[in-house]
Structures are given as C-alpha cells and as structure tokens.
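One rule links them: number in the numbering used here = place in the sequence shown (from 1) + 2.
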Amino acid sequence: LAVPAEGAPWSVPLGLAGARDGGVRRIYVETLRLGRGAPGPARRVWIQPEDDVPHIRDPLTRLRDAVGLRPAQVLAAPDLTAAAAEVLCSDDLLLCSRAQAEELALAWHPIGEMTPRRGYALTVVADGNPLPMEARLGGAIARCLGADDPAGAGGGKTV
3 LAVPAEGAPW SVPLGLAGAR DGGVRRIYVE TLRLGRGAPG PARRVWIQPE DDVPHIRDPL
63 TRLRDAVGLR PAQVLAAPDL TAAAAEVLCS DDLLLCSRAQ AEELALAWHP IGEMTPRRGY
123 ALTVVADGNP LPMEARLGGA IARCLGADDP AGAGGGKTV
C-alpha cells in the first residue's frame with residue numbers, strides 16, 4: 003500500500019527526471035519559473051497518479067506557489083504513460099524514483115528545495131500481522147520498490 007513515508011516500513015526518495023540531462027546535480031524547482039522574455043512554453047512537472055496523494059502533492063504545490071510558478075506548471079497526469087510521453091517529447095519533468103527514471107531511460111536528479119518520499123506498507127490477510135512477512139521479504143520488497151539500500155530496508159527503516 004502507498005502510505006506517507008513517515009513511519010512506513012519502506013520509503014523511496016523522489017526526484018525530477020527528464021529526457022535530457024541538464025548537467026546539474028540537483029534540479030531546483032524555482033529554475034522552472036518562466037521569465038518575461040522567455041520563448042516557448044513553460045516547463046512542467048508531471049505527477050503520476052501513484053504520487054497524486056496529499057502527503058506528496060501538497061508540499062510540491064506549496065513549493066510551486068512559493069517560488070512563483072504558474073499553477074499549470076505542476077500537473078497530475080491521468081496515468082504514467084501520458085506523463086512519460088509528455089516528458090520524452092519535451093523539456094518537461096516527471097516526479098519519480100531513481101529506479102523508475104532508469105526504467106524509462108530518463109535522467110534523474112534530486113529536487114533542490116525538498117526531498118519528497120513515497121512510502122509503502124505491507125498488509126496481509128491471513129493473521130493480519132505483516133511483521134513476519136516484512137522480516138522475511140523486506141530486502142526483496144525494497145529492491146522491487148527501487149529503494150536505495152535494500153540491505154537496510156524493512157522494519158520501519160527509511161532507505
């Protein structure tokens with residue numbers, strides 16, 4: 003299940019990925035602000051449906067407003083395919099994990115002003131206690147989620 007990263011057994015840092023590597027270590031959202039004389043459309047940040055939840059979307063929206071971006075510069079995509087298509091055909095950016103960016107052949111960078119995290123939790127039906135399953139499969143689950151350090155994942159740790 004997708005849950006807030008605080009207290010989640012697994013969490014994955016999110017960053018911004020684009021079709022072209024801009025030669026920077028971090029992408030600062032404020033650099034996406036469109037100047038008066040800037041030609042062409044403003045660059046957009048696409049939020050995929052998995053991340054269109056209050057604990058990820060709202061801080062990003064507050065950052066958008068704080069740095070003076072237009073409301074249409076941070077958008078929720080109807081699906082990952084649509085978001086990836088927009089990013090691959092333009093200078094737009096996708097909010098995603100490093101592993102997801104690699105799968106899509108995008109250049110991933112952390113966000114300069116913040117570090118949003120996608121949290122995950124395990125639920126089980128049998129006895130209702132996910133802890134034995136987390137202990138046994140924690141590393142494998144972390145690798146599947148694209149966690150940074152699968153060896154340290156699971157059991158309430160942030161990776």
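Here a beta-carbon is modelled for each residue, glycine too, at the ideal position from N, C-alpha and C.
Here the structure is a predicted model, which is why all the values come from computation and not from measurement.
{"query": "Once the 5 residues before and after A78 are set aside, which same chain residues still bring their CB inside 6 angstroms of it?", "result": "I49 and D54"}
{"query": "Exposed or buried, what is L71 when buried is set at 16 or more other beta-carbons lying within 10 Å of its beta-carbon?", "result": "buried"}
{"query": "In terms of residues, what are the limits of the beta strand (DSSP E) holding I29?", "result": "I29 -> no beta strand (DSSP E), and no H or E assigned at all."}
{"query": "Which runs of the alpha helix (DSSP H), 4 residues or longer, sit entirely within the segment 23 to 81?", "result": "56 to 68"}
{"query": "In terms of residue numbering, what span does the alpha helix (DSSP H) encompassing A103 cover?", "result": "R100 to E105"}
{"query": "Is the Cβ-Cβ distance between A123 and V5 less than 8 angstroms?", "result": "yes"}
{"query": "Count the other CB atoms within 10 Å of the CB of P118; is the residue buried (16 or more) or exposed (fewer)?", "result": "buried"}
{"query": "Here's the rule I'm using: 16 or more other beta-carbon atoms within 10 Å means buried, otherwise exposed. How should G157 be labelled?", "result": "The predicted model places G157 with a pLDDT of 44, which falls under 50 and marks its position as unreliable; any figure quoted below should be read in that light. The residue in question, G157, is exposed, as its Cβ has fewer than 16 Cβ neighbours within 10 Å."}
{"query": "Check whether the Cβ atoms of P18 and R120 sit closer than 8 angstroms, and answer yes or no.", "result": "It should be noted that the sequence gives Leu, not Pro, for residue 18. No; because the gap between Cβ atoms is not below 8 angstroms, this pair is not in contact."}
{"query": "Roughly how many angstroms separate the alpha carbons of C146 and R64, rounded to a whole number?", "result": "30 angstroms"}
{"query": "Among the residues of its own chain, which have a CB less than 6 angstroms from the CB of L1, if the five just before and after it don't count?", "result": "Residue 1 lies beyond the range of the chain shown here (3 to 161); nothing can be said about it."}
{"query": "Just checking my contact of V31 with R66 at CB under 8 angstroms: how many whole Å lie between their CB atoms?", "result": "7 angstroms"}
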